[in-house]
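Down below is the structure, laid out as structure tokens.
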Amino acid sequence: MKKTDIILEHEQLVDWVKSLHSINETFWFMPFSEGKWGTADVISHFITWDRFMQQYRFPYIEKELPFPKIDINLEKMNKDASVYARSGIGKGDLIEKYIETRGQVVQKLKAFPEELYMKKITVGNKELSVGEYFFSHLEHDRKHVQQINDFIAENK
Numbered sequence: 001m002k003k004t005d006i007i008l009e010h011e012q013l014v015d016w017v018k019s020l021h022s023i024n025e026t027f028w029f030m031p032f033s034e035g036k037w038g039t040a041d042v043i044s045h046f047i048t049w050d051r052f053m054q055q056y057r058f059p060y061i062e063k064e065l066p067f068p069k070i071d072i073n074l075e076k077m078n079k080d081a082s083v084y085a086r087s088g089i090g091k092g093d094l095i096e097k098y099i100e101t102r103g104q105v106v107q108k109l110k111a112f113p114e115e116l117y118m119k120k121i122t123v124g125n126k127e128l129s130v131g132e133y134f135f136s137h138l139e140h141d142r143k144h145v146q147q148i149n150d151f152i153a154e155n156k
């Protein structure tokens, strides 16, 4: 995936999240099914991962250094995202926080030179290009977007 496509899809996701202002607060927190997340949790999850990339990925990609070994506790990160979403932050504030955080990601992606997207990096035991790495994050985001869209459609 090309740099321009990656940036465009990130920007489109920001627009999609902005559209979530129209759902009511009760629906915002309603779980997709028993014991599952709701829309608020997913948006907070996006924020958590955007911050992770800003702290633990972008500086290394920018300097073309290997990623540091990090013991990532996915369960804790996801739980913390959910706790934040339900900490009393309002829907509008959470959406604005997402827009701010994802906007920072987009600005960094724009600042990276095109050729950097072709460079190979190692993530865990997998080698992929920087562009493929960002594409994998977009695939992850798409799954959550579809999950939310399906939930909204089912509960109209």
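Just so we're aligned, residue 1 is where the sequence shown starts under full-length UniProt numbering, counting upward by one.
The C-beta atom is built at its ideal place from N, Cα and C for all residues, glycine as well.
Here the structure is a predicted model, which is why all the values come from computation and not from measurement.
Using only the alpha-carbon positions, how far apart do residue i and residue j sit?
{"i": "Leu8", "j": "Asn125", "result": "29 Å"}
{"i": "Ile47", "j": "Tyr98", "result": "6 Å"}
{"i": "Asn78", "j": "His45", "result": "6 Å"}
Over what stretch of residues does the alpha helix (DSSP H) that includes residue i continue unbroken?
{"i": "Leu8", "result": "3-19"}
{"i": "Glu75", "result": "74-85"}
{"i": "Lys110", "result": "91-111"}
Report yes if the CB atom of residue i is closer than 9 Å to the CB atom of residue j, and no otherwise.
{"i": "Leu94", "j": "Ala85", "result": "yes"}
{"i": "Gly35", "j": "Trp28", "result": "no"}
{"i": "Tyr56", "j": "Pro66", "result": "no"}
{"i": "Phe112", "j": "Met1", "result": "no"}
{"i": "residue 159", "j": "Val17", "result": "This structure cannot speak to residue 159, because the chain is shown only from 1 to 156."}
Got a sec, what are the start and stop residues for the beta strand (DSSP E) residue i sits in?
{"i": "Ser129", "result": "126-129"}
Since I believe residue j is in contact with residue i (beta carbons under 8 Å), could you give me their beta-carbon distance rounded to a whole number of angstroms?
{"i": "Gln146", "j": "Phe32", "result": "With a Cβ gap of about 11 Å, Gln146 and Phe32 do not count as contacting."}
{"i": "Thr101", "j": "Asp50", "result": "4 Å"}
Review point. Are at least three pairs of beta-carbons, each pair with one atom in the segment 112-126 and one in the segment 48-66, less than 8 Å apart?
Key: Under the three-pair Cβ rule at 8 Å, the segment 112-126 counts as touching the segment 48-66.
Point to revise | Sufficient close CB pairs (3 or more, under 8 Å) joining the segment 136-150 to the segment 2-17 | key: yes
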